[in-house]
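Q:
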Amino acid sequence: MGMSAHEHQLAGDHADLFEPPGWDERYSGQEKVWSGNPNPQLVAEAAGLRPGTALDVGCGEGGDVIWLARHGWTVTGADFSANGLARAARHAEQAGVADRVDWWQVDARTFAADGRSYDLVTTHYLHPPEGGMVQVAGRLAEAVAAGGHLLIVGHAPSEAFTQLSASQHRAMFLAEQLLPALPDGFDAIVVEQRPRTVIRGGVTVDIQDSILLARRTS
Numbered sequence: 001m002g003m004s005a006h007e008h009q010l011a012g013d014h015a016d017l018f019e020p021p022g023w024d025e026r027y028s029g030q031e032k033v034w035s036g037n038p039n040p041q042l043v044a045e046a047a048g049l050r051p052g053t054a055l056d057v058g059c060g061e062g063g064d065v066i067w068l069a070r071h072g073w074t075v076t077g078a079d080f081s082a083n084g085l086a087r088a089a090r091h092a093e094q095a096g097v098a099d100r101v102d103w104w105q106v107d108a109r110t111f112a113a114d115g116r117s118y119d120l121v122t123t124h125y126l127h128p129p130e131g132g133m134v135q136v137a138g139r140l141a142e143a144v145a146a147g148g149h150l151l152i153v154g155h156a157p158s159e160a161f162t163q164l165s166a167s168q169h170r171a172m173f174l175a176e177q178l179l180p181a182l183p184d185g186f187d188a189i190v191v192e193q194r195p196r197t198v199i200r201g202g203v204t205v206d207i208q209d210s211i212l213l214a215r216r217t218s
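So the sequence shown is numbered by the UniProt record's numbering: it starts at 1 and just counts up by one.
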């Protein structure tokens, strides 16, 4: 298995790694940045959920959005990169699911539900700087409808990421670190670091995904 979407983010060398201009630059070329395949933990956790409405924050080129739409969900793909959203829209059109998706340009760090609610709110490998994922998790939780689910997946701190800067390491998180962000009325279902194997330059590397799956009960 190759690198997941956003392992490249953490391994990138853009000065504005955590800001929209860096991602607009990355998405400005003609070649795909990601494989187009859904993130494996989305498939593992969402495959058993009843389809409804979904919000994918940090959707990039739309691989997870397309998977959800193909499996019966009505999906909003959100990202702070205009170029990324344009690519995602093209890929959804090519996949034949454009009628099941819409798009929202928004920065997860300032995201506000503003009355919107979804049966599934998900984000994969979104790593705001300086431990900012805790605050983002709280913002995303507000967009989960009663009976709905919040799924957050990211990279756990690991010696496998020796090439990264100190600020990039601080952007990683453990699943349990996000628990204080959950408002009242949420039950945590999965709170774990799940091992995964990737291949980088022909070398097998063991890493861990931090996974938080929670259900809003009221």
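Using N, Cα and C, we set each Cβ at its ideal position, and we do this for glycine too.
In this text the structure is predicted, and so the values were computed from the model without any measurement.
Enumerate in chain order the residues of its own chain whose CB-to-CB distance from E192 is below 7 angstroms, with the five nearest sequence positions on each side excluded.
A: On the sequence shown, residue 192 is found 192 positions in, with the first residue counted as 1. Excluding sequence neighbours, E192 sits near A175 and I211.
Q: Quick one: Cα of L140 to Cα of D206, how far?
A: Translated into positions along the sequence shown, residue 140 becomes position 140. Translated into positions along the sequence shown, residue 206 becomes position 206. Their Cα atoms are separated by approximately 29 angstroms.
Q: In this structure, does DSSP put W103 in helix, strand or coil?
A: Stepping through the sequence shown from its first residue, residue 103 is reached at position 103. W103: strand per DSSP, three-state reduction.
Q: Looking at G63: is its Cβ nearer than 9 angstroms to the Cβ of N83?
A: By one-based count along the sequence shown, residue 63 stands at place 63. By one-based count along the sequence shown, residue 83 stands at place 83. Not in contact: G63 and N83 (Cβ atoms no closer than 9 angstroms).
Q: Select from T123, A88 and A89 the residue whose C-alpha is nearest the C-alpha of R109.
A: Position 109 of the sequence shown, counted from the first residue, corresponds to residue 109. Taking only the C-alpha atoms, the option nearest R109 is T123.
Q: What three-state label does DSSP hand E159 in the structure shown?
A: The residue given as residue 159 occupies position 159 in the sequence shown. Reduced to three states, the DSSP call for E159 is helix.
Q: Hey, how far is the Cα of S218 from the Cα of D187?
A: Within the sequence shown, the letter at position 218 stands for residue 218. Within the sequence shown, the letter at position 187 stands for residue 187. Taking the straight line from one Cα to the other gives about 10 angstroms.
Q: Assuming L49 contacts W67 under a Cβ cut-off of 8 angstroms, what Cβ separation, rounded to an integer in Å, is found between them?
A: Numbered from its first residue, the sequence shown carries residue 49 at position 49. Numbered from its first residue, the sequence shown carries residue 67 at position 67. With 8 angstroms as the limit, L49 and W67 do not qualify as a contact, their Cβ atoms being about 13 angstroms apart.
Q: Alpha carbon to alpha carbon, what distance is there between A145 and A46?
A: In the sequence shown, counting from the first residue as 1, residue 46 sits at position 46. In the sequence shown, counting from the first residue as 1, residue 145 sits at position 145. Between A46 and A145, the C-alpha separation is close to 16 angstroms.
Q: How should E61 be labelled, buried or exposed, when 16 other C-beta atoms within 10 angstroms of its C-beta is the threshold for buried?
A: Position 61 of the sequence shown holds residue 61. Buried is the call here.
Q: In chain order, what residues of the same chain have a beta carbon less than 7 angstroms from the beta carbon of G132, not counting five sequence neighbours either side?
A: In the sequence shown, the residue the question calls residue 132 occupies position 132. Correct list, in chain order: R109.
Q: Tell me whether the beta-carbon of Y125 lies closer than 9 angstroms to the beta-carbon of A86.
A: As a working note, residue 125 is residue 125 in the sequence shown. As a working note, residue 86 is residue 86 in the sequence shown. Contact flag unset, no.
Q: Where H6 and P195 are concerned, what is the direct C-alpha to C-alpha distance, given to the nearest angstrom?
A: Within the sequence shown, the letter at position 6 stands for residue 6. Within the sequence shown, the letter at position 195 stands for residue 195. Unreliable positioning characterises H6 in this predicted model, as indicated by a pLDDT of 44, which lies under 50. A coordinate reading is not provided.
Q: Provide the residue span of the beta strand (DSSP E) that contains L178, from first to last.
A: Position 178 of the sequence shown, counting from 1, holds the residue named residue 178. That residue, L178, is in no beta strand (DSSP E); it is neither H nor E in DSSP.
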